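What follows is one structure encoded as structure tokens, with my remarks underneath.
2 protein chains.
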Amino acid sequence: MLNFESLEISVSPTEKFKEYLATKGKRLTQEREFIVTEVFSNHEHFDADQLVFRMAQQKTGRKVSRSTVYRTLTQLEEAGLLRKVARTNDKDVYEHDYGYPQHDHFICKSCSELFEFQNDDIAEILERLAEKINFRMNEHRLEVYGVCEDCSRPTQRRHKKLDLI
Amino acid sequence: MLNFESLEISVSPTEKFKEYLATKGKRLTQEREFIVTEVFSNHEHFDADQLVFRMAQQKTGRKVSRSTVYRTLTQLEEAGLLRKVARTNDKDVYEHDYGYPQHDHFICKSCSELFEFQNDDIAEILERLAEKINFRMNEHRLEVYGVCEDCSRPTQRRHKKLDLI
DNA sequence: GTTATTGCAAACCATTTGCAAGTGT
DNA sequence: ACACTTGCAAATGGTTTGCAATAAC
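Structure below.
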């Protein structure tokens, strides 16, 4: 939906993470660096499991345990680099939240695919509503459920990920 | 936010549930009836655990197992009587979805309280966006995070539910 | 050296499920 | 009889955690 490379990012995700860790007296270890790099090498949404798998595929010989992946994902979220977008098949799904504009998702109930969309009006409406009840709004999560174009086609259905189950 | 009794409901939740069950060749057992009644006796949002607790409190002598509660909640959702609104403390949170207008929630990060709001413009915007990508939209879930008025007050804070943890 | 971090295995915990006994028609 | 249900206890499965060994500064 949006070209990552075209965005204005003055500091690399790794650098940003290091800064965050520093404020907490924590270190940017090899493992953490490996994880941030892998996470930001690809824009797809992902869950912990998929990330573990991707890292295992790497030929670099570097290995990171599942626990460390979980711990690091949490920290990346705290650092404002990632955010949880949804829950699919009982797993938390993450996406980049750094150098990436606010947006929401259409979620296909059939194939679980996520489709991003961006609309400023919604945020504006929310601002107004929040103000009314003196709610200090930080962020929102909007998931729109339905069936995507591909899965709506009666005959030639595509990416039926859920068929695997 | 909205007075339940004032809504136009021609068929009782129990009746509606019975109808749904019938279409599936299922029965409205004592247990299921007990659960629907309890669920619709109160408008607060709730999770499975709280419901189990509420039912255990009842002096009626009737008991329903946790499994049955879970199974029935799922069926009430399928019947369109309940819907999952959010996840709080790793638990699915339900609310009535029958005789209750579409709405969304402000969720206080401090006390976990949910504040409902209703806005038709958002649904309208979504319709337009969905149409663009030929997405057959069914429903949406919008959670707005932030800090509620009470929790914003520096000195006299209220309902700090999370302090219990 | 001291403090943070990792990996492993075990623990957690909400939710689901297999199954034998029970219930509705 | 027959099909659906229940409750129990056990399983599931994503995520978290205790702890001894290891790495960063």
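Residue numbers (the working numbering), protein chains in the order written: chain A, 54 to 218; chain B, 54 to 218. Ideal Cβ placement from N, Cα and C applies to all residues, glycine included. All of these numbers come straight from a predicted model, not from anything done at the bench.
Item: Closer than 7 Å, Cβ to Cβ, to anything on chain A: give me those residues from the region 125 to 139 of chain B, in chain order.; Value: none
Item: When the distance is taken between beta carbons, is A/V197 closer than 7 Å to B/H98?; Value: no
Item: Does the separation of the CB atoms of A/K137 and A/Y147 fall below 7 Å?; Value: yes
Item: In three-state terms, what does DSSP make of B/K144?; Value: strand
Item: Near B/P66, what residues of its chain come up, given a Cβ to Cβ distance below 6 Å and the 5 sequence neighbours on each side ignored?; Value: V89, F93, L134 and Y151
Item: Return the CA-CA distance between A/R211 and B/L182, expressed in angstroms with no decimal places.; Value: Below a pLDDT of 50, predicted positions are generally treated as unreliable, and A/R211, at 49, falls in that range; the measurement from the model is reported next regardless. Straight-line Cα distance between these residues: approximately 22 Å.
Item: For the beta strand (DSSP E) holding A/V197, just list the boundary residues, first then last.; Value: R189 to V200
Item: Would you kindly work out how many angstroms separate the C-alpha atoms of B/L215 and B/C164, rounded to a whole number?; Value: Caution is warranted here: a pLDDT of 43 is assigned to B/L215, below 50, making its placement in the model unreliable, and no coordinate value can be reported.
Item: Among the candidates A/G78, A/P154, A/I178 and A/E202, whose CA atom is the shortest distance from the CA of A/K96?; Value: A small fix is needed here, since residue 96 of chain A is His in this sequence, not Lys. Of the candidates A/G78, A/P154, A/I178 and A/E202, the one whose C-alpha sits nearest the C-alpha of A/H96 is A/P154.
Item: Going by beta-carbon coordinates alone, are A/N187 and B/E177 separated by less than 7 Å?; Value: no
Item: Taking the alpha helix (DSSP H) that A/I160 belongs to, which residues open and close that run?; Value: Premise fails: A/I160 lies in the beta strand (DSSP E), D157 to C161, not in any alpha helix (DSSP H).
Item: Mind checking B/G78: buried by the 16 CB within 10 Å criterion, or exposed?; Value: exposed
Item: Check B/K77 in the structure and name its three-state DSSP category.; Value: coil
Item: Going by CA-CA distance only, name the one from A/V64, A/M108, A/D145 and A/Q110 that's closest to A/E130.; Value: A/D145
Item: Quick check on A/R85: buried or exposed, where buried means 16 or more other Cβ atoms within 10 Å of its Cβ?; Value: buried
Item: State the start and end residues of the unbroken beta strand (DSSP E) segment that holds A/F168.; Value: L167 to F170
Item: Are the C-beta of A/H193 and some C-beta of chain B separated by less than 7 Å?; Value: yes
Item: For A/Q171 versus A/H156, is the C-beta distance shorter than 7 Å?; Value: yes
Item: Report the residue from B/S205, B/V105 and B/R115 whose alpha carbon sits nearest the alpha carbon of B/Y123.; Value: B/V105
Item: Quick one: give me the first and last residue of the alpha helix (DSSP H) that A/D173 is part of.; Value: D173 to K185
Item: Once DSSP output is grouped into helix, strand and coil, what is the label at A/F87?; Value: helix
Item: Taking only the alpha-carbon atoms, compute the straight-line gap between B/D100 and B/S120 and give it to the nearest angstrom.; Value: 14 Å
Item: Does B/F70 come out as helix, strand or coil in the three-state DSSP assignment?; Value: helix
Item: So, helix, strand or coil for A/A109, using DSSP?; Value: helix
Item: CA-CA distance, B/A75 and B/V117?; Value: 21 Å
Item: Can the beta-carbon of A/L167 be found closer than 7 Å to that of B/L195?; Value: no
Item: Buried or exposed: where does A/G199 fall if 16 or more other Cβ atoms within 10 Å of its Cβ makes it buried?; Value: buried
Item: Would you tell me roughly how many angstroms separate the C-alpha atoms of B/A139 and A/T113, rounded to the nearest one?; Value: 40 Å
Item: Check the Cβ of B/C201 against every Cβ in chain A and list those closer than 9 Å, keeping chain order.; Value: I186, N187, F188 and R189
Item: Would you kindly report the start and end of the unbroken alpha helix (DSSP H) that includes B/T121?; Value: R119 to E131
Item: Hey, A/R115 and A/F70: beta-carbon distance below 7 Å or not?; Value: no
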